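Under my numbering, the sequence shown has 894 at position 50, and the numbering climbs by one with no breaks. Glycine included, C-beta positions come from ideal geometry on N, C-alpha and C. Computed from a predicted model, the values in this text were never measured in an experiment. Shown next, in structure tokens, is the structure this report addresses.
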Amino acid sequence: DEASRERFIYPYMEQSSYSTIDFLKRAIVYFGYQPLILQTDNGGEFTYQKKTNRTHPLDKLCEELKLQHKCIRPRTPQHNGKVERSHRNDQERFYNHMSFYNYNDLLVQMKRYLNRSNNIPMQVLSWKSPLEKRRELETL
């Protein structure tokens, strides 16, 4: 969530259009609302942009949901700075320090990590956690 910085994460065994669509559906359920805009990079799991005239499955879903799908310019990860930073934080706070017995163990540990992560106060949010900020925004 752009305003509260609340995050949703879910692990997949592969990067594919199928897992991207599943992730978006899970995120909508998790947040309890549908976003207006989805911003992604130009990976094959997100778009066929400039490669074919076919419509990518994610774009089909976005059309159904009346959701704008915005792709950042190629080779400009800085345009997705918040996402890149969150990936780095996940690496430093979670993946570097954890080991998983199996996929189900990963799911359990990731759910705990997500809860912990969304409760960490952030300077950019005036030292509120993303969950505190979301509650504040919901009362407006």
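When the Cα atoms are used, what is the spatial distance from C925 to N948?
-> Position 81 of the sequence shown, counting from 1, holds the residue named residue 925. Position 104 of the sequence shown, counting from 1, holds the residue named residue 948. At residue 925 the sequence reads Gly, which differs from the Cys that was named. Between G925 and N948, the alpha-carbon positions lie close to 30 Å from each other.
Apart from the five residues just before and just after R937, which ones in its own chain have a Cβ nearer than 8 Å to its Cβ?
-> By 1-based counting over the sequence shown, the position of residue 937 is 93. Taken in chain order, the residues that qualify are Y957 and S961.
Distance between beta carbons of H913 and K861, contact taken as under 8 Å | Sequence index remark: in the sequence shown, residue 861 carries index 17 (1-based). Sequence index remark: in the sequence shown, residue 913 carries index 69 (1-based). At residue 861 the sequence reads Ser, which differs from the Lys that was named. At roughly 12 Å, the Cβ-Cβ gap does not stay under 8 Å, so S861 and H913 are not in contact.
Whole angstroms is fine: what's the gap from P921's alpha carbon to D885's?
-> As a working note, residue 921 is residue 77 in the sequence shown. As a working note, residue 885 is residue 41 in the sequence shown. For P921 and D885, the distance between alpha carbons rounds to 8 Å.
What is the rounded straight-line gap between the Cα of H941 and the Cα of N897?
-> Your numbering for residue 941 matches position 97 in the sequence shown. Your numbering for residue 897 matches position 53 in the sequence shown. One C-alpha to the other measures close to 44 Å.
Please state if the CB of S973 and the CB of N963 are separated by a distance shorter than 8 Å.
-> Working through the sequence shown from its first residue, we reach residue 963 at position 119. Working through the sequence shown from its first residue, we reach residue 973 at position 129. Taking 8 Å as the Cβ cut-off, N963 and S973 qualify as a contacting pair.
Beta carbon of C915, beta carbon of T891: below 8 Å?
-> Within the sequence shown, residue 915 is the residue found at index 71, counting from 1. Within the sequence shown, residue 891 is the residue found at index 47, counting from 1. Going by C-beta atoms, C915 is nearer than 8 Å to T891.
Distance, Cα to Cα, K895 vs G887?
-> By one-based count along the sequence shown, residue 895 stands at place 51. By one-based count along the sequence shown, residue 887 stands at place 43. The alpha-carbon atoms of K895 and G887 are separated by roughly 11 Å.
Ordered along the chain, which non-local residues of its own chain (more than five positions away) have a Cβ less than 6 Å from that of Y874?
-> As a first step, residue 874 is located in the sequence shown; it is residue number 30 there, counting from the start. Within the same chain, Cβ atoms closer than 6 Å to the Cβ of Y874 are found at F852, the five residues on either side in sequence being excluded.
Fully enclosed by the region 923-950, which alpha helix (DSSP H) runs are 4 residues long or longer?
-> If we require 4 residues or more, the alpha helix (DSSP H) runs fully inside the region 923-950 come out as 925-937.
Rounded to whole angstroms, what's the CA-CA distance from M857 to L909? Just pull it up for me.
-> For the purposes of this step, residue 857 is identified with residue 13 of the sequence shown, where counting begins at 1. For the purposes of this step, residue 909 is identified with residue 65 of the sequence shown, where counting begins at 1. CA-to-CA, the gap between M857 and L909 works out to about 26 Å.
Buried or exposed: which applies to D903, given that a residue is buried once 16 or more other Cβ atoms fall within 10 Å of its Cβ?
-> The residue labelled residue 903 in the question sits at position 59 within the sequence shown. Answer is buried; the Cβ neighbour count reaches 16.
6 Å CB neighbourhood of K977 in its chain, flanking five on each side removed | As a first step, residue 977 must be located in the sequence shown, where it is residue number 133. If we look at K977 and ignore the five residues flanking it on each side, its Cβ neighbours are S848 and L969.
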